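>
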Amino acid sequence: MYDFVVVGVGPAGARVARQSAEAGYDVLALEGGRIGEPLACSGHVSTDIWSFTGAGARDELLQNEVYGARFHVRGPHDYETRVGTDSHAFYKESVVSNVIDRVGLDRHLADLAREAGADVRERHTVTDVRERHDRVVVTANGPDGTETFETKLVAGCDGPRSRVRETLSIPEPDELLHGVLAFSDEVDDGDFVDVHLTAPTFFAWRIPRGEAGVEYGLAAPPGEQVGAHFDDLIDGYDVEVSHRCSGVIPIGPPERVTSRRGFLVGDAAAQTKPFTGGGILYGMTCADHAIAQIDPDRPATLEAYERAWREDLERDIRLGHWLRRAYSLPEPVKRVGLAATSGEIGVHMDRPTSALSLEQVRAMLSSRL
Numbered sequence: 006m007y008d009f010v011v012v013g014v015g016p017a018g019a020r021v022a023r024q025s026a027e028a029g030y031d032v033l034a035l036e037g038g039r040i041g042e043p044l045a046c047s048g049h050v051s052t053d054i055w056s057f058t059g060a061g062a063r064d065e066l067l068q069n070e071v072y073g074a075r076f077h078v079r080g081p082h083d084y085e086t087r088v089g090t091d092s093h094a095f096y097k098e099s100v101v102s103n104v105i106d107r108v109g110l111d112r113h114l115a116d117l118a119r120e121a122g123a124d125v126r127e128r129h130t131v132t133d134v135r136e137r138h139d140r141v142v143v144t145a146n147g148p149d150g151t152e153t154f155e156t157k158l159v160a161g162c163d164g165p166r167s168r169v170r171e172t173l174s175i176p177e178p179d180e181l182l183h184g185v186l187a188f189s190d191e192v193d194d195g196d197f198v199d200v201h202l203t204a205p206t207f208f209a210w211r212i213p214r215g216e217a218g219v220e221y222g223l224a225a226p227p228g229e230q231v232g233a234h235f236d237d238l239i240d241g242y243d244v245e246v247s248h249r250c251s252g253v254i255p256i257g258p259p260e261r262v263t264s265r266r267g268f269l270v271g272d273a274a275a276q277t278k279p280f281t282g283g284g285i286l287y288g289m290t291c292a293d294h295a296i297a298q299i300d301p302d303r304p305a306t307l308e309a310y311e312r313a314w315r316e317d318l319e320r321d322i323r324l325g326h327w328l329r330r331a332y333s334l335p336e337p338v339k340r341v342g343l344a345a346t347s348g349e350i351g352v353h354m355d356r357p358t359s360a361l362s363l364e365q366v367r368a369m370l371s372s373r374l
């Protein structure tokens, strides 16, 4: 009988496994394939990532440092974009974010969980999760055939198409976007990312990764000809790309992310930023809330987890929805809005509520006076 069985060993699952093992619990973590594969997520994160990775990870995983973003209301093929008149820059004088080895991050975090004492197993695909009155029975297909594990609680960290969420009848996210990524080999040490507000209800991006090349991406609702929009982006930049991959981006957490003996963390719970789709930091933050609040011998403490993570992130998620709505405003309105707000900023990229902070007010005043 385990205290926790963690299903999925991405950043959120690895964090749940590590924190619970460090707290003295008996933990099993199961990943369906190889950890970190296939890649389906951008590696552009805030500098807060290093507070979760431990010493030395930055030297191993860092690919580039970013100081800001250039926003465009049109695609890269447009003349105004090429000559720079369509560009509105938002920046800080210090590093805003980092570009990292995304596959390497997952493997590093999984190693930290192992070092803490968690039993982390790859190539174990969970096929069924059954709640009993005093335990959860988890069934998985592994290298040695079908295996069954018993646990006091199960943590669903298995992504936007969560099997745990489905089998425990936890509500689905409000929305699932279709995201596409591809990479070029061009070396680019630039310190700005480019954002194009051209994809239906979302955006496209270009992220310089130093010696590792350049990442191109786009997300939009399914059925919005995502592939065609992405091809238009690549054609506009006139580059050859490889390693094209796609994934699902969950937006909007459901009304509850817990059941009688189960809880969701990360993409499975749609604990993501509605205005970017990013969920690495939110997922690991929620993992910390989970292990701080949940006692596997007292399933009623799952309610404390529900309260804790929502109190921390709910306002930022709500404001993030409003920011995303601005992507679909008429082009003239977007131009006026970007022109009025661009310049030096004091906003934290994971926390839109920081737009009301004293740091943001100072940054706006210093760059506009």
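Last residue of the sequence shown: number 374 in the numbering used here, and the count goes up by one each step with no gaps.
Where a beta carbon is used, it is the ideal one built from N, C-alpha and C, also for glycine.
Bear in mind the structure is a predicted one, so any value in this text is a computation, not a measurement.
#1: Helix or strand or just coil, what does DSSP make of D64?
#2: Quick one, which of V270, Q276, W327, A275 has its alpha-carbon nearest I299's?
#3: Which complete beta strand (DSSP E) runs does the region 190 to 260 hold, if anything under 3 residues is left out?
#4: In whole angstroms, what separates the C-alpha of S387 from that of P81?
#5: How would you write the range of the beta strand (DSSP E) that T290 sits in, first residue to last?
#6: Please report the distance separating the alpha-carbon of S102 from that of T281.
#7: Would you check if there are 3 or more beta carbon pairs closer than 8 Å linking the region 236 to 248 to the region 178 to 198?
#8: Can P2 and E177 be called in contact, C-beta distance under 8 Å?
#9: Identify every run of the beta strand (DSSP E) within the region 32 to 60, keeping only runs that are complete inside it and at least 3 residues long; order them along the chain.
#10: Based on DSSP bridge pairs, tell me the residues matched to H93.
#11: So, under 8 Å CB-CB, T358 and R312 are touching, yes? Tell me the CB distance rounded to an integer number of Å.
#12: Using the three-state DSSP reduction, which class does V341 fall into: helix, strand or coil?
#13: Give every residue of the same chain whose Cβ lies closer than 7 Å to the Cβ of T130, excluding the five residues on either side of it in the sequence, and list them in chain order.
#14: Indicate the three-state DSSP secondary structure (helix, strand or coil) for V11 in the structure shown.
#15: Across the region 160 to 172 and the region 9 to 24, are there enough close Cβ pairs to call them in contact, namely three or more that are closer than 8 Å?
#16: What does DSSP give as the partner residue(s) for I105 in the beta ladder?
#17: For A123, name the three-state secondary structure that DSSP assigns.
#18: For D133, which of helix, strand or coil comes out of DSSP?
#19: How many whole angstroms separate the CB atoms of G232 and L173, which I take to be in contact at a CB cut-off of 8 Å?
#20: Going by the beta-carbon positions, is the gap between I285 and V12 smaller than 8 Å?
#21: Name the one or two DSSP bridge partners that H113 has.
#22: Which of helix, strand or coil does DSSP assign to R128?
#23: Would you call the region 56 to 76 in contact with the region 106 to 115, where contact means no fewer than 3 C-beta pairs closer than 8 Å?
#24: Comparing C-alpha positions only, which one of E42, E70, A60 sits nearest to T52?
#25: With DSSP as the reference, label G18 as helix, strand or coil.
#26: Where does M6 land, buried or exposed, given buried means 16+ other C-beta within 10 angstroms?
#27: Short check: CB of V185 to CB of G218, under 8 Å?
#28: To the nearest angstrom, report how far apart A74 and D196 are at their CA atoms.
#29: Measure the C-alpha to C-alpha separation of H234 and C250 and round it to an integer number of angstroms.
#30: Buried or exposed for G48, going by 16 or more other Cβ atoms inside 10 Å?
#31: Three-state secondary structure (DSSP) at E177?
#32: Check T156 in the structure and name its three-state DSSP category.
#33: In angstroms with no decimal places, state the Cα-to-Cα distance between D106 and T290.
#34: Does H138 come out as helix, strand or coil in the three-state DSSP assignment?
#35: Secondary structure at T281, three-state DSSP: helix, strand or coil?
#36: Which of the three DSSP states is assigned to V143 in this structure?
With the given structure in hand:
#1: helix
#2: V270
#3: 197 to 201, 209 to 213, 219 to 225, 247 to 256
#4: Any answer about residue 387 is impossible in this case: the structure gives the chain only from 6 up to 374.
#5: Per DSSP, T290 belongs to no beta strand (DSSP E); it is in the alpha helix (DSSP H), 285 to 298.
#6: 14 Å
#7: yes
#8: In this structure the chain extends from 6 to 374, so residue 2 is not present and cannot be described.
#9: 32 to 35, 49 to 51
#10: F76
#11: About 18 Å separates the two Cβ atoms, so there is no contact after all.
#12: Under the three-state reduction of DSSP output, V341 falls in the helix class.
#13: These residues qualify, in order along the chain: G37, A145, N146.
#14: Strand at V11.
#15: Two segments are said to touch when three or more pairs of C-beta atoms, one from each, lie closer than 8 Å; by this definition the region 160 to 172 touches the region 9 to 24.
#16: L67
#17: coil
#18: strand
#19: With a Cβ gap of about 33 Å, G232 and L173 do not count as contacting.
#20: no
#21: DSSP lists no partner for H113.
#22: coil
#23: Three or more Cβ pairs drawn from the region 56 to 76 and the region 106 to 115 lie within less than 8 Å of each other, which places the two stretches in contact.
#24: E70
#25: In the structure shown, G18 falls within a helical segment according to DSSP collapsed to helix, strand and coil.
#26: Exposed is the label assigned to M6, since fewer than 16 other Cβ atoms lie within 10 Å of its Cβ.
#27: no
#28: 9 Å
#29: Going from the Cα of H234 to the Cα of C250 covers about 15 Å.
#30: Its Cβ being crowded by 16 or more others within 10 Å, G48 is buried.
#31: coil
#32: strand
#33: 20 Å
#34: coil
#35: In this structure, T281 counts as coil in the three-state DSSP scheme.
#36: Three-state result, V143: strand.
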